[in-house]
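Written out below as structure tokens is the structure these notes cover.
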């Protein structure tokens, strides 16, 4: 009985502990002011693509990009008007402020226009104390441990041009080489064969299909194909992408 009372007392002390006190249990490099405990804004530059922090400054280009040919968005929810696009950007920025996503506008350097958007999302932080009670989100850190790449869409004119491939390469490089994540997850509607082929061309592993996973863009019940790339697989994936992007010099 006494041991049970001691356990219950420790449990009450833990759940009543302010977040600021829990942060002190983090390793020194994670003990930062709360407003800095999240991935920093960053611009990622490649040969033909520049990923810029998503903001309302890109609103006009995003609206124009999404209006080119909407028939290519059968399995992807893309804002359909200026009002929807503004709320889409504002929601992404709000999630970024919480440290749960890192959204980008995709600028195609060939035209110097923003032609779509993408993001690193579902950021999880495995450093520091385990969250309690189970199911509670952990404290946001500055270096995610795992992440998804998703919410990617492109103007019709930018599809099939290599813009998507280079965008993925830039985000994967950030995730594995700067953040040193353990895993990147990519998902697609199981019916979206074009998106699935693009993911598989990266070298991602098909983990399986989750049935009745979510509400689809066409308002049906969607089955989702889950893919992943693990940290030890990244070197091979990186070289494969470098070759496809023409970044490997001939011997």
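Residue numbers (this note's numbering): 775 to 1025.
Each residue gets a CB set at the ideal place from its N, CA and C atoms; glycine is no exception.
Here the structure is a predicted model, which means the values were calculated and not measured.
Whether residue i touches residue j by CB criterion (9 Å)
{"i": "residue 1001", "j": "residue 975", "result": "no"}
{"i": "residue 944", "j": "residue 818", "result": "yes"}
{"i": "residue 914", "j": "residue 873", "result": "yes"}
{"i": "residue 883", "j": "residue 894", "result": "no"}
{"i": "residue 948", "j": "residue 1003", "result": "no"}
{"i": "residue 977", "j": "residue 937", "result": "no"}
{"i": "residue 999", "j": "residue 970", "result": "yes"}
{"i": "residue 992", "j": "residue 964", "result": "no"}
{"i": "residue 941", "j": "residue 820", "result": "yes"}
{"i": "residue 852", "j": "residue 833", "result": "no"}
{"i": "residue 826", "j": "residue 879", "result": "yes"}
{"i": "residue 813", "j": "residue 916", "result": "yes"}
{"i": "residue 847", "j": "residue 927", "result": "yes"}
{"i": "residue 1015", "j": "residue 946", "result": "yes"}
Residue i - partner residues in DSSP beta bridges
{"i": "residue 963", "result": "998"}
{"i": "residue 826", "result": "879"}
{"i": "residue 852", "result": "Residue 852 pairs with nothing; no bridge assigned."}
{"i": "residue 891", "result": "879 and 927"}
{"i": "residue 979", "result": "1002"}
{"i": "residue 922", "result": "895 and 959"}
{"i": "residue 984", "result": "998"}
{"i": "residue 1112", "result": "Nothing about residue 1112 can be reported from this structure: the residues present for the chain run from 775 to 1025 only."}
{"i": "residue 861", "result": "DSSP lists no partner for residue 861."}
{"i": "residue 947", "result": "BP columns for residue 947 are empty, so no partner."}
{"i": "residue 989", "result": "995"}
{"i": "residue 819", "result": "824"}
Residue i classed as buried or exposed, judged by whether at least 16 other C-beta atoms fall within 10 angstroms
{"i": "residue 988", "result": "exposed"}
{"i": "residue 922", "result": "buried"}
{"i": "residue 983", "result": "exposed"}
{"i": "residue 967", "result": "exposed"}
{"i": "residue 980", "result": "exposed"}
{"i": "residue 939", "result": "buried"}
{"i": "residue 835", "result": "buried"}
{"i": "residue 719", "result": "One cannot answer for residue 719 here, as it falls past the ends of the chain, which runs 775 to 1025."}
{"i": "residue 1017", "result": "exposed"}
{"i": "residue 900", "result": "exposed"}
{"i": "residue 986", "result": "exposed"}
{"i": "residue 830", "result": "exposed"}
{"i": "residue 854", "result": "exposed"}
{"i": "residue 823", "result": "buried"}
{"i": "residue 844", "result": "exposed"}
{"i": "residue 801", "result": "Here residue 801 scores only 39 on pLDDT, less than 50, and its place in the model should not be relied on; the value that follows carries that caveat. Under this definition residue 801 is an exposed residue."}
{"i": "residue 1009", "result": "exposed"}
{"i": "residue 892", "result": "buried"}
{"i": "residue 908", "result": "exposed"}
{"i": "residue 816", "result": "exposed"}
Touch test, the region 831-850 against the region 884-898, Cβ-Cβ under 8 Å, three pairs minimum: yes
Inter-stretch contact at 8 Å, needing at least 3 Cβ pairs: the region 859-868 / the region 904-914: no
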